[in-house]
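Take the sequence shown: its letter number 557 is residue 565 in our numbering, and every next letter is one higher. All C-beta atoms, glycine included, are put in the ideal place defined by N, C-alpha and C.
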Amino acid sequence: MSRFGHATTCNAGTRESTKPAESSPARPSLMTPDHPVAVSHGSIAKRGTLLLWACILVGCASSGDVERLRMEREQAKAAMSAELGQERKLLTDIERDSEAQRASAEKLASALGGSPQNRPAAADASACLSSGTATTSVEFWIAPHGNDANPGTRSAPFLTLERAREAVAHVEKKRWEEGDVVVLLQDGIYRIERPLRLRSDDSGRNGHDVVYRAAPGAHPIISGSVQVKDWTLHDQTLNVHKAFVGQRRSRQLYVNGRRATRARTEPFPAGFRPLPLPPSDADQNKPYLVGGGILFATTNLNPERWRNPMTWTNPREVEAVGKDQWRMAIVPLASITGAQGIGTMTLRQPAWTNANITTTPIWNFWQVERFENAYEFLDEPGEWYLNAASGWLYYIPRPGEDLAKADVELPVQEVLIEGQGTPENPISHLRFEGLTFAYATWMGPSGDNGYVPDQSGFILEGSGHRPNKIGHSKNVTRTPGNLSFLYASQVTFRQNRFEHLGAVALDFNTGSKCNRVRDNLFQDISSAAIQLGGVSDIDHAPPPPEEPHLTSDNEIVNNVIKETGRDFVDTAGIFVGFTRNTLIEHNTISDVPWSGIAIGWGWGLLDQSGFPGVPGATWHQWGDYPLTPNSGNKIRYNFFERFLGDRWDGGAIYTTGQQGHSPEDPLLIEGNVAIGKRAAGGGNTFYTDGGSRYITLKSNVSLNNPIGHMDFGLPPRPGDPLPYTTTFPVAKINTIPYGSDSGGCVTYGEIVFEDNYWLEGTIPAKELFIGLSDLLLTGFLSDLLHKDVLFDPYSAQGYFDICPYTDKATKISYPTQLTYINNHMIKGRGDVPKQILDQAGAQTKLLEQIMEK
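The following block contains the structure:
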C-alpha cells in the first residue's frame, strides 16, 4: 500500500478514501429550500429529512415508515418555530441523541450507493462519530458568582473553569461507563486570569465525552479581557481621555463591542524611505543580517503633530507597517537618531532582516504604508494608545460614546483554551457547546520578530533564514490560536460564538483528527477564523510511525465567518495546510482581506515532484520529499462575499501544491458561490496557484467579480524630500489588469473545470496588454519569468496565467492538462440554477438567530 494510502481510524470508525464525484443532476439535494436541514445540532429535523430521502430513494420497509418520518420532520419544523429562548433547551434536550441519530441516518443513506460525494452532505463523513451513548453521567456547574470551594452543584457552583476541569479529572471510573461528564456554565462573563489548559488526562473516557456547555437559557462569555474604568479627560483640544491599566499590554481595544483603532499615521507618509542594506558577504556559515533602516526627513506634507520622529514617545514601541501584493509586514523600531529633522530609524532584528530576506526588491520592505503605536499618532475619534512604560491608556471617544457608561474591554490574555495531547496519547472526546469566546490578544508582533509573514499568517521568526528570490522561505511558524489544539481527536465546537479575538480564533495543529467545527459564528478576528493542519516537515513528511502526526478526517461545516484579518491582512478566513479527508462545507465567508479559503502549501517545492511552482524557483530547491499526505479533501457548497478586501493576488478559494495522489483522487471544489470581490483587487476567484495539481472544480459560480489590477502602493507625493526609488514605474504597473474567474501562476496542471458558471465579457481586450510585456520583463519580473512571452495571459477559456513555464530540459509547458467540460458563460445570476445558489453557504435558521444575539 502506498504511503498515506490507508484510511484513518478514529476510535469509532473509519472514513474510506473516495473517488471524485460523478455528475448526477437528477438527484435532489437535501440542502435546497424545499428540503432544508432545519436544525444545526444534528437534531430530529436533520434525521427526519435525511431518513425521509433515504426511504424515498431506496425504499423503506413500509409506507408507514415514510409517513412516520414525515411526521418527525414536521414536528421538528414546528419546534424550530418556537421562540428564541427555547433554542438552548433544544441543544440540551436534542444534542444528547444527535450522534446516534446521525449514525442511523448514515446507515440508511449509505444505501444510496456510489461515492459519498454523490450522497447528501449530512451523511458524508461519519467515520469519526462517537461510539458511546450520549447520556449524561455527571454534571458540574460553574457561575461567575460561584466559589471553587463549593461542590459544583447547580445551587452551589464552582467559580472557574480550572476547578471544573479538576473535578472532571476525579470522576470515578464507573461513572465514565454510564455517560458523558458535563460542565454547565451559567449566565455571565468569565474573566479568566490564565488559560484553561487541557491535556490527555482531561479527555473523555470509554467513548464518552467531556462537555463544556452553556446551561439552559444561558449565554456565558469566556473573556480574556479586563474592563477599563475611571476615565479622565487628558487633552481637551483633541478630546483625549485616559485611564490607568498598570503593566497590562494589548494590541486591541474594544468600546461597546466595537473594535477601536490603534493610533497610526495617515497612509503612505511623506519623507520616509526604507533603505535595507544586505551584507556584502553573505557567508553561509553566519546568520544573514540586513542592515540599514528607514531614512527620514521632516516635511510639511505630514501633520505637525507627528512629522518629526525625534519627538515620538517610546520609539521602541513604534511599528513600521509595509504591504506588498499578498502580505504585510510589521517591524518594530529599535531607535531613532538624527538632528534638525533628518535622520535614520533602525529597526529591531531579526524582523528587519526577515522583512528583506528576498532579493526581489518589490517583495521587500521598500515602502512605509504607515507607522503605529505612538501617542503623537492619536488624532482621530476611535483611536487609542497604550503607553506600556507608564501604564496609561489613552482614547478619543467616537461621537455618542460616554466613557463613564461605556463597556471598554482591554484584551490581556493570549490564550483562552489550550488543548495539547501527544502523538502517543492525543487529547480527545471534548465538546464545547453554546459558549462565547471573546476578547483575547496576541503580543508576538510587538517583539523582536515583529510580524513578517511568508503567506496567510505563517511567519518568519528567528535568524536562520537565507536570502531567496522567490518570495518564500521553507521554514515558517504559524500564527497561534486564541483557542488551540495539538494532537487532538474528536474535539467538537458547536453553536459557539468566536469574536473580538487578536490571533487565529481556533487552531487545530499537527496530528488533528476527527474534529468538528459546526454551526458556529466567527466575527471580528485579527487573523484567520480557523486554521487546520500544519506546513512543517512533521506535517507533510513525518518520521515513522507517520499516522499520529497526520491531520485527517476533520469537518468545518455550516459556520458563518466574517470580518477576519482585521489586523493581519495577509490571512484567509479558513487556512488548511497538509491534510487528508478534510470536509469544508456550507460555510458563509464574507469581508476577508485576502482569500476566503486557502488550502495547501509549498508551491510544488514540498511535493514528491519538487516542482518549481514559483517564478525563479528550481526543481527540488527545498529538497526531496515523499508523496504528499493531501488526499480526499473537499470544499463544497460554501458562499463567499467581499473577499480580497485589502490585499490582492488571492481569491475566494486559493490552492497551492499537489492536492491529491492521482487524477482519480483530486481536491474537489464543488458548488461554491463567490460574489462581490473588491473591484480593484487583482486575483482569481478560483485560484489554482503555484504547483497546484489534481483538482476538480465543478458547478462553482462567480458573480460580480470584475477583473482587478496590480497594486504596489502609491507613488511618492509631489514634493516628498525622500521619494523612494524602484526599478519600475509604480503608476504604470498599477494599471495592469490581473486575474480572472480562474487562474494561477506556475501551476502544475491536471485540473478539471466542469459545469462551472462564469460571467461573460469580463476578459480584458488583448490591446490592453500591448506594450506592457516589455515593461514587466524589464522590471521586477525580468529575472523571474522562465521565458519571454507576448503578454496576453488569458487562455481561450479565460484562465489567467501571468507566469507560464516551460521546462528547458523536457520542453514540457505548464500547466498541463487543463480540462474544460460543459462550462457556462452567463449574463447574470438568473442564468445559474437556483439549487446551486440556494445550497451555498450556512443553511440553518437557528445559526442565523444565534448571530443576532
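- Task: Examine the Cβ distances between the region 558-573 and the region 317-324 and report whether three or more of them are shorter than 8 Å.
- Result: Using a C-beta cut-off of 8 Å, the region 558-573 makes no contact with the region 317-324, since fewer than three inter-stretch Cβ pairs fall below that distance.
- Message: Buried or exposed, going by whether 16 or more other CB atoms sit within 10 Å of the CB of K842?
- Response: Answer is exposed; the Cβ neighbour count stays below 16.
- Task: To the nearest angstrom, report how far apart G455 and L341 are at their CA atoms.
- Result: Taking the straight line joining both Cα atoms gives about 10 Å.
- Anyone know if the C-beta pair for A328 and F379 falls short of 7 Å? For the 7 Å CB-CB criterion, A328 and F379 form a contact.
- Kindly provide the ranges of any beta strand (DSSP E) runs that are 3 or more residues long and lie completely inside the region 432-482, ordered along the chain. List check, beta strand (DSSP E) in window: 435-441, 444-448 and 461-463.
- When we look at the beta-carbon of M718 and count the other beta-carbons within 10 Å, is it buried (16 or more) or exposed? In summary, M718 is buried, with 16 or more beta-carbon neighbours lying within 10 Å of its beta-carbon over all protein chains present.
- Taking the beta strand (DSSP E) that T663 falls in, what are its first and last residues? Where T663 is concerned, the enclosing beta strand (DSSP E) stretches over I661 to T663.
- Measure the C-alpha to C-alpha separation of S520 and L193 and round it to an integer number of angstroms. Here the C-alpha atom of S520 lies approximately 26 Å from the C-alpha atom of L193.
- Message: Please state whether the Cβ-Cβ distance between R439 and D217 is less than 7 Å.
- Response: Cβ atoms of R439 and D217: closer than 7 Å.
- Query: Can the beta-carbon of G573 be found closer than 7 Å to that of P551?
  - Reply: Cβ atoms of G573 and P551: not closer than 7 Å.
- Item | Contacting residues, own chain, Cβ-Cβ under 6 Å from G279 (five flanking each side not counted) | Excluding sequence positions up to five before and after G279, its CB lies within less than 6 Å of the CB of F304, A305, T307, P729 and L730, all in the same chain and listed in chain order.
- Message: Is P461 near the ligand ADP - that is, is its Cβ less than 6 Å away from at least one heavy atom of it?
- Response: No copy of the ligand ADP appears in this structure; indeed no ligand is present at all.
- Query: Are the beta-carbon atoms belonging to D156 and L169 less than 7 Å from one another?
  - Reply: No. Outside cutoff.
- Item | I569 - partner residues in DSSP beta bridges | Within the DSSP bridge table, the entry for I569 names F530 and I597 as partners.
- Using DSSP with H/G/I as helix, E/B as strand and the rest coil, what is T704? Correct three-state label for T704: strand.
- Option nearest N742 by Cα separation, candidates D332, K181 and P275: Comparing Cα positions, the closest option is D332.
- Message: Residues in the same chain with beta-carbon distance under 7 Å from G757, minus the five sequence neighbours each way, listed in chain order, please.
- Response: So the qualifying residues of the chain are R701, Y822, P823, T824, Q825 and L826.
- Which whole-angstrom value is the C-beta distance of T366 and K477, which I expect to be below 8 Å? Taking 8 Å as the upper bound for CB-CB distance, T366 and K477 are in contact here, some 6 Å apart.
- Per DSSP, what kind of secondary structure is I150 in: helix, strand or coil? Of the three classes helix, strand and coil, the one that applies to I150 here is strand, per DSSP.
- Message: DSSP three-state label for M318, please.
- Response: Here M318 carries a helix assignment [DSSP, helix/strand/coil].
- Query: Roughly how many angstroms separate the alpha carbons of Q805 and N692, rounded to a whole number?
  - Reply: Those two C-alpha atoms are separated by around 14 Å.
- Task: Within 10 angstroms of the Cβ of M353, are there 16 or more other Cβ atoms? Answer buried if so, exposed if not.
- Result: Classification for M353: buried.
- Whose CA, out of M833, L591 and G689, lies closest to the CA of N708? With distances taken between Cα atoms, N708 lies closest to M833.
- Should D243 go down as buried or exposed, given a rule of 16 or more other Cβ atoms within 10 Å for buried? Answer is exposed; the Cβ neighbour count stays below 16.
- Top-ranked residue by Cα proximity to I605, from G465, P674 and G452: Closest in C-alpha terms to I605, from the list G465, P674 and G452, comes G465.
- Looking only at C-alpha atoms, which of N641, D846, D210 and T579 sits nearest to V460? In this structure, T579 is the residue among N641, D846, D210 and T579 with its C-alpha nearest to the C-alpha of V460.
- Query: Is S603 near Y662, with beta carbons less than 7 Å apart?
  - Reply: Cβ distance < 7 Å, so S603 and Y662 count as in contact.
- Query: Which residues mark the beginning and the end of the beta strand (DSSP E) in which T240 is found?
  - Reply: T240 to D243 is the extent of the beta strand (DSSP E) around T240.
- Message: If you follow the alpha helix (DSSP H) that Q292 is in, where does it begin and where does it stop?
- Response: Neither: Q292 is in no alpha helix (DSSP H) and is coded neither H nor E.
- Message: Just to confirm, is the Cβ distance from W630 to V622 under 7 Å?
- Response: Contact flag unset, no.
- Roughly how many whole angstroms lie between the Cα atoms of N372 and I592? Answer to the nearest angstrom: the Cα atoms are 34 Å apart.
- Query: Okay, do the region 406-419 and the region 525-543 touch, 3+ Cβ pairs below 8 Å being the bar?
  - Reply: The region 406-419 is not in contact with the region 525-543.
- Query: Looking at the unbroken beta strand (DSSP E) that takes in W6, where does it start and where does it end?
  - Reply: This structure cannot speak to residue 6, because the chain is shown only from 9 to 861.
- Query: Looking only at C-alpha atoms, which of G585, S436 and F651 sits nearest to G608?
  - Reply: Checked all of G585, S436 and F651; the closest Cα to G608 is G585.
- Item | As assigned by DSSP and simplified to three states, the class of R171 | Helix, per DSSP.
- Under 7 Å between the Cβ atoms of L675 and N641? In this structure, L675 places its C-beta atom within 7 Å of the C-beta atom of N641.
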